[in-house]
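Working notes for the structure below.
Residue numbers (UniProt numbering): 1 to 280.
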């Protein structure tokens, strides 16, 4: 009970911080050229205030929020950066799904390379915070909530103890178990912090790159015709290659050195699929 109360206090404090950060916006950029443009600017700022706590849930909301934050970033880069990092770490630290939209938002706001750097750093930091929270407050709760999945992963970790880092990379590259579940389970499985940290940092680079580059491309498209231009198609091909090559190398390595038999989709054994559906 004490561990649950401590975790609840941390979640509440982080929620209050994020709320206060998003409600105390600095003055928006002003364009003095004409009254009409000033009115448009004020309208955009009002719309940003209305959307401050709304995480994007589809591509339309993503593009709308990205346009508003890019507009606001003209004079308040540091504030937008702090707001984005805080929201990202909030989701990652408390194992809240939806990192793909935030990665795309990073690409749309900050561009492909700065967005990728941010996404990799925030994913790794947030996952590490989640690891620490689970280690401190949630070990027994994780085992109670997911007994069979934890037991299966425990067996696989022991079987691959000699190649533990590459086993974790394999799990990050392929969707055999959700990232948030790995983050909260690794302390239970006694995964050392350095191995966990670098497996997240390296293992999620292709996924982060795909999402960030997609978000950057979406922000640059002005019409459906732009989607079928040669430039866009070449970029999509490059994204596919970046995603496939590391995964192929890890899969080739795993055939000889890793034991992943019995791990089905989302980290369940074939016999545990039905129970996994009930848990959802």
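Quick reminder that beta carbons are idealized off the backbone N, C-alpha and C, glycines included.
Given the structure is predicted, the values throughout are model-derived calculations rather than measurements.
Next item on the list: Assign residue 177 to one of three DSSP states: helix, strand, or coil.
Entry: Three-state result, residue 177: coil.
Margin query: Between 92, 12, 116 and 54, which has its C-alpha nearest residue 212's C-alpha?
Written below: 116
Notebook entry, point to check: Does the separation of the CB atoms of residue 63 and residue 162 fall below 8 Å?
Noted result: no
Check: Which of helix, strand or coil does DSSP assign to residue 54?
Finding: coil
Check: How far does the alpha helix (DSSP H) with residue 149 in it reach, from first residue to last?
Finding: 147-159
Check: Going straight from the alpha carbon of residue 86 to that of residue 54, what length do you get?
Finding: 14 Å
Check: Pairing CB atoms from the segment 122-129 with CB atoms from the segment 88-104, are three or more of them under 8 Å?
Finding: Yes, since at least three Cβ pairs between the segment 122-129 and the segment 88-104 fall closer than 8 Å, the two stretches touch.
Next item on the list: Given a cut-off of 8 Å, decide if residue 172 and residue 357 are closer than it, judged by their beta-carbon atoms.
Entry: Lying before the first or after the last residue shown, residue 357 is absent from the chain, which here runs from 1 to 280.
Check: Could you give the distance in angstroms between the alpha-carbon of residue 142 and the alpha-carbon of residue 216?
Finding: 36 Å
Check: Is it true that the segment 73-84 meets the segment 101-117, where meeting means three or more beta-carbon pairs spaced less than 8 Å apart?
Finding: yes
Check: Would DSSP call residue 73 helix, strand or coil?
Finding: coil
Item checked: Whether residue 134 touches residue 168 by CB criterion (8 Å) -> Contact flag unset, no.
Next item on the list: Compare the beta carbon distance of residue 130 and residue 183 with 8 Å and say whether it is the shorter of the two.
Entry: yes
Next item on the list: Throw me the rounded Cβ distance for the residue 105 and residue 66 pair, which I believe falls under 8 Å.
Entry: 6 Å
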